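A.B. asks: Here it is, the structure in full.
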Amino acid sequence: MSKLTITADRENYAVGLTGSIQIDGFSGFGEGWFNNSDVKEFCSNIQNLTNNMSGTAELIGSQSKADGSEYLERFALRCYVLSESKVNGVIGVHITLSEYPYTDCREQEILKVSGELQVRNHKLKEFSDNLNELVQGSLNEVVLNGDLNDI
């Protein structure tokens, strides 16, 4: 089964999200820090996406070099419509998670996983509600399963 699991490290106005993913035998993790308002806006965008079955929603946490010349996406979620049915539509969730190298900056040390989950619109809406609760401290983790048969 393919799934994304997210936990949170909460501060006053920010949250560190750590994601771990398992897709088709591959797994990995990554983390990103976000303003609480950015995560809430992402959740609101997901609600709009699932209600209207049009548009996109994305949450991207990246890390730049000091001069801003390069960046590494450490925690990225991009949601888009695959099947436009409002009753039983399918949303694609592209996930990129990576771990930054701890010794200097050699590219071969970057551990990165990227893949897509396909989920029903109502399951993504439920995930959005749970992600909001995670940021507020009501939940310890949220899980998004990528099984279209999970109704």
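The numbers in the sequence shown follow the numbering used here, run straight up by one, and end at 152. Even for Gly, the Cβ is constructed at its ideal location relative to N, Cα and C. None of the values given here were measured: they were computed from a predicted structure.
Around the Cβ of Gly29, are there at least 16 other Cβ atoms within 10 angstroms (buried) or fewer (exposed)?
C.D. replies: Buried, since its Cβ has 16 or more Cβ neighbours within 10 Å.
A.B. asks: Put Lys66 into one of helix, strand or coil per three-state DSSP.
C.D. replies: Coil, per DSSP.
A.B. asks: Indicate the three-state DSSP secondary structure (helix, strand or coil) for Glu42 in the structure shown.
C.D. replies: Here Glu42 sits in helix by DSSP.
A.B. asks: With C-beta atoms as the reference, is Leu50 less than 8 Å away from Phe76?
C.D. replies: No.
A.B. asks: So Lys1 packs on Leu145, CB below 8 Å; how close in whole Å?
C.D. replies: The question about residue 1 has no answer here: the residues shown for the chain are numbered 2 through 152.
A.B. asks: Here's the rule: buried if 16 or more other CB atoms are within 10 angstroms of the residue's CB, otherwise exposed. What is Lys124?
C.D. replies: Label assigned to Lys124: buried.
A.B. asks: Can you give me the start and stop residues for the alpha helix (DSSP H) that Asp10 sits inside?
C.D. replies: Counting along the chain, Asp10 falls outside any alpha helix (DSSP H), though it belongs to the beta strand (DSSP E) covering Lys4 to Arg11.
A.B. asks: For a quick check, are the C-beta atoms of Asn36 and Tyr14 less than 8 Å apart?
C.D. replies: A contact, by the Cβ cut-off of 8 Å.
A.B. asks: Quick one: what does DSSP say Ile152 is sitting in, helix, strand or coil?
C.D. replies: Below a pLDDT of 50, predicted positions are generally treated as unreliable, and Ile152, at 49, falls in that range; no measurement from the model is reported.
A.B. asks: Just the Cα atoms here: how many angstroms apart are Ser65 and Glu74?
C.D. replies: Their backbone Cα atoms lie some 9 Å apart in a straight line.
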